[in-house]
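S.K.: In the working numbering, the protein residues as written are 191 to 677.
1) Closest by CA to residue 238, which one among 229, 250, 230?
2) Of all the options 279, 601, 222, 416, which has the alpha carbon lying nearest to the alpha carbon of residue 248?
3) As an exercise, report each continuous beta strand (DSSP E) stretch of at least 3 residues that is fully enclosed by the segment 405-474, in chain order.
4) Which parts of the segment 357-412 are runs of the beta strand (DSSP E), unbroken and 3 residues or longer, counting only runs that do not cross its ends?
5) By the three-class DSSP mapping on this structure, what secondary structure does residue 656 have?
6) At what residue ranges does the segment 236-260 contain a whole run of the alpha helix (DSSP H), taking only runs of 4 or more?
7) Would you check if the distance between the CB atom of residue 264 and the CB atom of residue 291 is smaller than 8 Å?
8) Note down the Cα distance separating residue 198 from residue 240, rounded to an integer number of angstroms.
9) Taking 8 Å as the cut-off, decide whether the C-beta atoms of residue 246 and residue 342 are in contact.
10) Which residues in the same chain as residue 651 place their Cβ atom closer than 8 Å to its Cβ, once the five residues preceding and following it in sequence are excluded?
11) On the CB-based measure, 16 or more other CB atoms within 10 Å of its CB, does residue 441 come out buried or exposed?
12) Going by DSSP in three states, residue 314 sits in which element: helix, strand or coil?
13) Quick one: give me the first and last residue of the alpha helix (DSSP H) that residue 217 is part of.
14) Please report the straight-line C-alpha distance between residue 576 and residue 570, rounded to a whole angstrom.
15) Which ranges does the beta strand (DSSP E) cover as unbroken runs of at least 3 residues, wholly within the segment 597-677, from first to last along the chain?
16) Any idea which residues DSSP pairs residue 499 with across the strands?
17) Can you grab the Cα-Cα spacing for the pair residue 460 / residue 566, in whole Å?
18) Can you check whether the CB of residue 619 is closer than 8 Å to the CB of residue 640?
19) Which residues share a DSSP beta bridge with residue 678?
20) Determine the extent of the alpha helix (DSSP H) in which residue 577 is found, giving its start and end residues.
21) What does a CB cutoff of less than 7 Å around residue 681 pick up in its chain, not counting 5 residues either side in sequence?
22) Candidates 253, 328, 368, 392: which alpha carbon is nearest residue 203's?
23) Go ahead and label residue 599 buried or exposed: buried means 16 or more other beta carbons lie within 10 angstroms of its beta carbon, across all protein chains shown.
24) Do you know offhand how far residue 357's Cα is from residue 479's?
25) Going by DSSP, what residue range makes up the alpha helix (DSSP H) through residue 542?
26) Where does residue 293 sit, in a helix, a strand or coil, going by DSSP?
27) So, for residue 156: in the same chain, excluding its five sequence neighbours on each side, which residues have a beta-carbon less than 7 Å away from its beta-carbon?
28) By DSSP's criteria, residue 155 is part of a beta bridge. Which residues make up the other side?
29) Should residue 596 and residue 633 be called a contact, given that it needs their Cβ atoms to be closer than 8 Å?
30) Return the Cβ separation of residue 533 and residue 405 in integer angstroms, given the expectation that the two are a contact with Cβ distance under 8 Å.
31) Can you tell me which of the three DSSP states residue 336 falls into?
32) Find the nearest neighbour of residue 312 within the set 345, 327, 402, judged by alpha-carbon distance.
33) In angstroms with no decimal places, state the Cα-to-Cα distance between residue 390 and residue 594.
34) CB-CB under 8 Å to residue 354, same chain, minus the five flanking residues each way: which ones, in chain order?
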């Protein structure tokens, strides 16, 4: 799956029109949306089409015609001045009038009567906030709490960023066409768009050749196959030796979770450098982990022998103890995963390296860029570009629609769910990521594999029980089970 910006999508739409009449594309879009409507609400009798005056409105008006022909009772609400309708949308509007499909104002009665609402007000071209009377109408539609099917994108949602532009119509389902828009899958997009139904409108795949795109999404199996096969002569050293650093006072669980995740992701040898008071407890809980006192003199240098990857940050803290460990690890010429408080220490003294993976959540990303979380979430694609430019390496911008970027390639993970918003989930990701680096994957592939496995594990658990109560330890066990599909 490839993701295209609104501008790129418009260019592809124009290219498509050089091969297929634009009115035919509109008919195909409307027919796909109508078939989706029948699938979602086969017993619906009353349809309310909320249309704008652009081509997105034309799609909705064409759908209204199909629905009327099939015997549904259709009511159209036009949000805008009909004199502004142009081109294909105008032709469809005139056909609606000829068929007796007139418009009516948006009323509580119309909303109450509707079995389902079609949102075809704005398409991907919206680039300013929805305000004033229109915002009030959007809020009125949302307050009705009726099922909504959006055409191409929910009105008021940014196709590029997933940010809500002032106010947006909240859809239960969205039919999108020709290209996948990143805004449907990241930030507030998934909550606003609901389930996505995609059609390429039968456009030749050759049209997309050599066309630039923002990001890609590959299935889990694609990343699982990146893992090197386990050889019969394998030993613990060949499977990757890791050093995990963290677990300050009262935060032992973070580094323990990272260690367990690393083991369950296939690491051959996992060493933990932590506070002395935690060593016995971690060893007793997980005897496969080798645990060392970070305050013991001359401890670090011998530990680094044969280490293939380092992870620093889970439960690290930001006190003097943490700062000393951070300063010792930074210059070491070994691939690193930098997470949690290590990112906060990095934000205080920024530097750029090419041998690390940084895994910030939006708050940590804001500190790294000296901005606000709202700014990060307002344009996550731009934020990850800025992070990579400033800090180098591979960036994993966690959150809804996690992004992975190495300066050349960007992956957008569409898996995962809100039930994973639990303390310790990031530590699990850190351990798995370090494990995959230690097993020989390059930084970008390791990050994509770890994020994909982590997210799909959460989805499997949500399907098995519910999103409520998903624990990091559950994800660790499920993640291990997923790896068999790549063997």
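We put the CB at the ideal spot given by N, CA and C, even for glycine.
M.R.: Put simply:
1) Here residue 238 refers to the residue found at position 48 when the chain shown is read from its first residue. The shortest Cα separation from residue 238 among 229, 250, 230 belongs to 250.
2) Walking along the chain shown from the start, residue 248 turns up at place 58. Checked all of 279, 601, 222, 416; the closest Cα to residue 248 is 279.
3) 431-435, 459-464
4) 363-367, 385-389
5) Start at 1 with the first residue of the chain shown, and residue 656 comes out as number 466. DSSP places residue 656 in coil when its eight states are reduced to three.
6) 245-259
7) In the chain shown, residue 264 corresponds to position 74, counting from 1. In the chain shown, residue 291 corresponds to position 101, counting from 1. Cβ atoms of residue 264 and residue 291: closer than 8 Å.
8) One-based indexing of the chain shown puts residue 198 at position 8. One-based indexing of the chain shown puts residue 240 at position 50. Cα-Cα distance, rounded: 26 Å.
9) Taking the chain shown and counting its residues from 1, the one referred to as residue 246 is at position 56. Taking the chain shown and counting its residues from 1, the one referred to as residue 342 is at position 152. Yes, these two residues count as a Cβ contact at 8 Å.
10) Translated into positions along the chain shown, residue 651 becomes position 461. Closer than 8 Å at Cβ, skipping near neighbours: 609, 660, 664, 665, 668.
11) As a position in the chain shown, residue 441 is number 251, starting the count at 1. That one is buried.
12) One-based indexing of the chain shown puts residue 314 at position 124. Three-state DSSP puts residue 314 in coil, outside helix and strand.
13) On the chain shown, position 27 is the one that residue 217 refers to. Taken as a continuous stretch (DSSP letters only), the alpha helix (DSSP H) holding residue 217 covers 212-230.
14) As a working mapping, residue 576 is identified with position 386 in the chain shown. As a working mapping, residue 570 is identified with position 380 in the chain shown. Using only the alpha carbons, I get a separation of about 10 Å.
15) 600-602
16) On the chain shown, residue 499 is found 309 positions in, with the first residue counted as 1. 432.
17) Within the chain shown, residue 460 is the residue found at index 270, counting from 1. Within the chain shown, residue 566 is the residue found at index 376, counting from 1. Taking the straight line joining both Cα atoms gives about 34 Å.
18) Against the chain shown, residue 640 aligns to sequence position 450. Against the chain shown, residue 619 aligns to sequence position 429. Yes, they are a contact pair.
19) Not covered by the structure: residue 678. The range shown for the chain is 191 to 677.
20) By 1-based counting over the chain shown, the position of residue 577 is 387. Per DSSP, residue 577 belongs to the alpha helix (DSSP H) from 570-581.
21) With the chain covering only 191 through 677, there is no way to say anything about residue 681.
22) Sequence index remark: in the chain shown, residue 203 carries index 13 (1-based). Of the listed residues, the one whose Cα sits closest to residue 203 is 368.
23) Mapped onto the chain shown, residue 599 falls at position 409. The residue is exposed, with fewer than 16 neighbouring Cβ atoms inside 10 Å.
24) Stepping through the chain shown from its first residue, residue 357 is reached at position 167. Stepping through the chain shown from its first residue, residue 479 is reached at position 289. Distance between the alpha carbons of residue 357 and residue 479 is about 50 Å.
25) Mapped onto the chain shown, residue 542 falls at position 352. Looking at the DSSP string, residue 542 is not in any alpha helix (DSSP H), and its letter there is neither H nor E.
26) In the chain shown, counting from the first residue as 1, residue 293 sits at position 103. DSSP places residue 293 in strand when its eight states are reduced to three.
27) No answer is possible for residue 156: it lies beyond the span of the chain, which begins at 191 and ends at 677.
28) Nothing can be reported for residue 155, as the shown portion of the chain is limited to 191 through 677.
29) Indexing the chain shown from 1 puts residue 596 at position 406. Indexing the chain shown from 1 puts residue 633 at position 443. Yes; because the gap between Cβ atoms is below 8 Å, this pair is in contact.
30) Taking the chain shown and counting its residues from 1, the one referred to as residue 533 is at position 343. Taking the chain shown and counting its residues from 1, the one referred to as residue 405 is at position 215. No, residue 533 and residue 405 are not in contact; Cβ-Cβ is about 22 Å, not under 8 Å.
31) Sequence index remark: in the chain shown, residue 336 carries index 146 (1-based). Correct three-state label for residue 336: coil.
32) Here the question's residue 312 lines up with position 122 in the chain shown. Answer by Cα proximity: 345.
33) In the chain shown, residue 390 corresponds to position 200, counting from 1. In the chain shown, residue 594 corresponds to position 404, counting from 1. Taking the straight line joining both Cα atoms gives about 26 Å.
34) Walking along the chain shown from the start, residue 354 turns up at place 164. So the list reads 346, 347, 348, 378, 382, once near-sequence residues are dropped.
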